[in-house]
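Number of protein chains: 2
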Amino acid sequence: METLTVDLGERSYPIYIGQDLLGQTQYVVPHVKAKQVMIVTNETIAPLYLEKTLAAFSEFNTASVILPDGEEYKNLEVLNQIFDSLLKKHCDRQVTLVALGGGVVGDMTGFAAASYQRGVPFIQIPTTLLAQVDSSVGGKTGVNHALGKNMIGAFHQPQCVVIDTNTLNTLEDRQLKAGAAEVIKYGLINDPEFFSWLETNIQALLSRDPQALSYAIACSCQDKADIVSLDEKEAGMRALLNLGHTFGHAIETAMNYTGCLHGEGVSIGMCLAAKLSQKMGWITSKTADQIIRLIEVTGLPSQIPPNLNAEQLLTLMQIDKKVQAGRIRFVLLKAIGKTVVTDDYDPIALKNVLEGA
Amino acid sequence: METLTVDLGERSYPIYIGQDLLGQTQYVVPHVKAKQVMIVTNETIAPLYLEKTLAAFSEFNTASVILPDGEEYKNLEVLNQIFDSLLKKHCDRQVTLVALGGGVVGDMTGFAAASYQRGVPFIQIPTTLLAQVDSSVGGKTGVNHALGKNMIGAFHQPQCVVIDTNTLNTLEDRQLKAGAAEVIKYGLINDPEFFSWLETNIQALLSRDPQALSYAIACSCQDKADIVSLDEKEAGMRALLNLGHTFGHAIETAMNYTGCLHGEGVSIGMCLAAKLSQKMGWITSKTADQIIRLIEVTGLPSQIPPNLNAEQLLTLMQIDKKVQAGRIRFVLLKAIGKTVVTDDYDPIALKNVLEGA
Chain A
48 METLTVDLGE RSYPIYIGQD LLGQTQYVVP HVKAKQVMIV TNETIAPLYL EKTLAAFSEF
108 NTASVILPDG EEYKNLEVLN QIFDSLLKKH CDRQVTLVAL GGGVVGDMTG FAAASYQRGV
168 PFIQIPTTLL AQVDSSVGGK TGVNHALGKN MIGAFHQPQC VVIDTNTLNT LEDRQLKAGA
228 AEVIKYGLIN DPEFFSWLET NIQALLSRDP QALSYAIACS CQDKADIVSL DEKEAGMRAL
288 LNLGHTFGHA IETAMNYTGC LHGEGVSIGM CLAAKLSQKM GWITSKTADQ IIRLIEVTGL
348 PSQIPPNLNA EQLLTLMQID KKVQAGRIRF VLLKAIGKTV VTDDYDPIAL KNVLEGA
Chain B
48 METLTVDLGE RSYPIYIGQD LLGQTQYVVP HVKAKQVMIV TNETIAPLYL EKTLAAFSEF
108 NTASVILPDG EEYKNLEVLN QIFDSLLKKH CDRQVTLVAL GGGVVGDMTG FAAASYQRGV
168 PFIQIPTTLL AQVDSSVGGK TGVNHALGKN MIGAFHQPQC VVIDTNTLNT LEDRQLKAGA
228 AEVIKYGLIN DPEFFSWLET NIQALLSRDP QALSYAIACS CQDKADIVSL DEKEAGMRAL
288 LNLGHTFGHA IETAMNYTGC LHGEGVSIGM CLAAKLSQKM GWITSKTADQ IIRLIEVTGL
348 PSQIPPNLNA EQLLTLMQID KKVQAGRIRF VLLKAIGKTV VTDDYDPIAL KNVLEGA
């Protein structure tokens, strides 16, 4: 078992990573504030892990709420189901919420915790690779709006993050690969050694080798924790974590959050960022190919789905949170492991990249 | 024109109080961050003051959204109308929201600002006495849930508060009196001199004498600002501001937020707090009568509506935010101008007070 720390002063918290952590009291009990606990999970995860998780909280007055599974349910209406459960159980402002599931459960539970009675504590127990390496760490919470992803939310840090790598054994291959997209992202942003490690070890990761998983998760969480510690509320360098996301969100939104997983959107987005960076002359075609190759070897999509067009994506990107004064800002590459946030690119090159030219 | 300051370090902000402030650029322009402004108001206020307010923001790219008027619309569904407008106008995370209206508009706009893209700035322009002396100052924002008032929200401080006392000239008498309930509250909490001033000057206030209004609003805002500065997130003494509110919220909820204004609920609640304090032997019957007399002279209700019963109110108070470990905590009186937050009262005395015994 490995422990990392997200260093945020008073709001610092540990990330526990290892096998068989679920159901063990020592990782969660010290982080519960009072007597009431509400576990939020979904209909896929509940039959697999809810009982085991409840056991870890057996000394508290614990209830649970089971949400429908899927990004299309990450909205204000389903969020209200969490508030319904909390109020029906007379939960007070000392209640601790627990997010047991993937990124959708984590983001919604975190936002429910940020807003219930103007803020209560919560614990993240992510069960997908994507949530383990990305959404459970850093305190970004929220829900989608029909007109844009994650448009409504809050910064709210958890009390701790418990990552049991065994939960990945029940994860579908496609979901595992989608999580690997975010893992690759950390190598591209600022960790070229990790990128090289991934080029060598991606098959071990995909075959769920416990050592490979633990190493990749710990590297990813450490990379993210370092960036979040320096810039909690995305005033500056935290924006680098959005590599591939401006493109990716637009693709996800255009497909109504169905048909394209978040990690798949990000993997296409990273390829588009590589191509735009290449067209700007910032990276060589060899480097761009090296990036696209790792993404394709992982079994992730690298091209915009054929039913979407450049105009549509440009319109959607205009309402992304990264837009400032009408200019779309992208995270682009100067090398593998060196990225910049910029709106200083050629709009024609952008259009060409979106058109596959 | 008088300027007060809410002292919260980096989040400090001014409150401007005076006649004819609406429509003047100097109070708002320095507090707008970028080019986009979205004014949120309601169908009652829009025809009266929207045009004038728009004029103050004429140098920006300003749009507006008009909500239905009433506490019964202070919910997640109507909140979403604000997000709809922001997204349709492609507002980015530099947008400044402006709350033009009473407490409902202020609370909802503040929560929309806290949550839109995880937080954007906002300005409060309160147009009711209640909003001017209470809800616009201090950063509490939120919406109601069918099972409880203000159960969903955030702490989010405005950039400034602009109080134009002229807006009270179009306020209904009943609304003015409801606001006076919160004014009286400040005297009771920790300002006995202000309470005495109100005993002498309440008729001048109710007849909208500009000097009396400005004095009462400035005293109330200063009293509130002092408490909020010491305890922004209600870890301790800020809870004193809830005098009359635990009773009051239960009465409002029992009446489905219709038929009883917030200030009316609070005025009944303050009378119940006085009676319970008297039954506990903490204040004399003379003091309790003095409190109830000022409330009745103001034209505010002092008794629980006849269609509500003690059991119902006790059940509703159990889900109030002030409950800790199952015990209902009240703000009770030790004297006029001396209050305590306590659960150390006799439950039989509470029941008697609720039964009017």
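The listed protein sequences derive, respectively, from chains A and B. With the working numbering, letter number 339 in the first sequence gets 386, and the count goes up by one each step, no holes. With the working numbering, letter number 219 in the second sequence gets 266, and the count goes up by one each step, no holes. In this text, a Cβ means the ideal position worked out from N, Cα and C, and glycines have one as well.
Three or more C-beta pairs below 8 Å linking the segment 144–159 of chain B and the segment 82–98 of chain A: no
Contact residues within the segment 162–189 of chain A, judged by C-beta distance below 9 Å to chain B: Ser162, Tyr163, Gln164, Arg165, Gly166, Lys187, Thr188 and Gly189
Is the beta carbon of Gly310 (chain A) less than 7 Å from the beta carbon of Phe294 (chain A)? no
Which runs of the alpha helix (DSSP H), 4 residues or longer, sit entirely within the segment 67–150 of chain A? 98–103 and 123–135
Is the Cβ of Ala201 (chain B) closer than 7 Å to any Cβ of chain C? No chain C is present in this structure, whose protein chains are A and B.
Hey, how far is the Cα of Met302 (chain A) from the Cα of Leu215 (chain A)? 26 Å
Quick one: what does DSSP say Ile172 (chain B) is sitting in, helix, strand or coil? strand
Leaving aside the five residues before and after Arg58 (chain B) along the sequence, list all residues of the same chain whose C-beta is less than 7 Å from its C-beta, in chain order. Gln204
Taking the alpha carbon of Cys268 (chain B) as the reference point, which residue from B:Leu177, B:Thr100 and B:Ile339 has its own alpha carbon closest? B:Leu177
Closest by C-alpha distance to Cys266 (chain A), when choosing among A:Val230, A:Thr300 and A:Glu299: A:Val230
At what residue ranges does the segment 299–386 of chain A contain a whole run of the beta strand (DSSP E), taking only runs of 3 or more? 377–382
Would you please state the rounded distance, in angstroms, between the beta carbons of Gly70 (chain A) and Ala103 (chain A)? I believe it to be under 8 Å. 5 Å
Top-ranked residue by Cα proximity to Ile383 (chain B), from B:Tyr74, B:Gln337 and B:Leu133: B:Gln337
Does DSSP classify Tyr233 (chain B) as helix, strand or coil? helix
Quick one: which chain B residues come within Cβ less than 7 Å of His292 (chain A)? The contacting residues do not exist; His292 (chain A) stays about 14 Å from chain B at best.
Rounded straight-line distance, which links the Cα of Glu246 (chain B) to that of His292 (chain B): 22 Å
Please compile the residues from chain A whose C-beta is within a distance smaller than 8 Å of the C-beta of Asn127 (chain B). Leu123 and His192
Under 7 Å (Cβ pairs) to chain B, residues found in the segment 277–289 of chain A: none
Between A:Gln179, A:Gly186, A:Asp220 and A:Asn213, which has its C-alpha nearest Phe202 (chain A)'s C-alpha? A:Gly186
How would you list, in chain order, the residues of chain B whose beta-carbon sits under 7 Å from the beta-carbon of His137 (chain A)? Gln365 and Ile366
Taking a cut of 9 Å between CB atoms, which residues from the segment 197–221 of chain B lie near chain A? Asn197, Met198, Ile199, Gly200, Ala201 and Phe202
Return yes when the Cβ of Ile236 (chain B) is within less than 7 Å of the Cβ of Thr386 (chain B), no when it is not. yes
In this structure, how does DSSP classify Asp181 (chain B) when only helix, strand and coil are distinguished? helix
Does the beta carbon of Gly150 (chain A) come closer than 7 Å to any beta carbon on chain B? no
Tell me which residues share the same chain as Gln325 (chain B) and place their Cβ nearer than 8 Å to its Cβ, disregarding the 5 neighbours each side in the sequence. Thr331, Ser332, Thr334 and Ala335
Do Val180 (chain B) and Ile264 (chain B) count as a contact pair if the criterion is CB distance below 7 Å? yes
Leaving out five residues on either side along the sequence, give the residues of the same chain with a beta carbon under 6 Å from the beta carbon of Gln141 (chain B). Lys80 and Ala81
Applying the criterion that 16 or more other CB atoms from any shown protein chain within 10 Å of the CB defines a buried residue, is Gln73 (chain B) buried or exposed? exposed
Answer with buried or exposed for Asp270 (chain B), where buried requires no fewer than 16 other C-beta atoms within 10 angstroms of its C-beta. buried
By alpha-carbon positions, which one of A:Asn356, A:Pro257, A:Ala110 and A:Asp393 ends up nearest to Gly403 (chain A)? A:Asn356
Would you say Gly195 (chain B) faces chain A, with C-beta separation under 7 Å as the test? yes
When DSSP builds the beta bridges, which residues end up paired with His192 (chain B)? B:Gly195
Nearest chain B C-beta to Phe130 (chain A) closer than 7 Å, yes or no? yes
Gly283 (chain B) versus Met198 (chain B): straight-line alpha-carbon distance, rounded: 19 Å
Taking Cβ-Cβ distances shorter than 7 Å, what residues in chain A pair up with Leu134 (chain B)? His192, Leu194, Gly195, Met198 and Ile366
Can you give me the start and stop residues for the beta strand (DSSP E) that Tyr63 (chain B) sits inside? Tyr60 to Gly65
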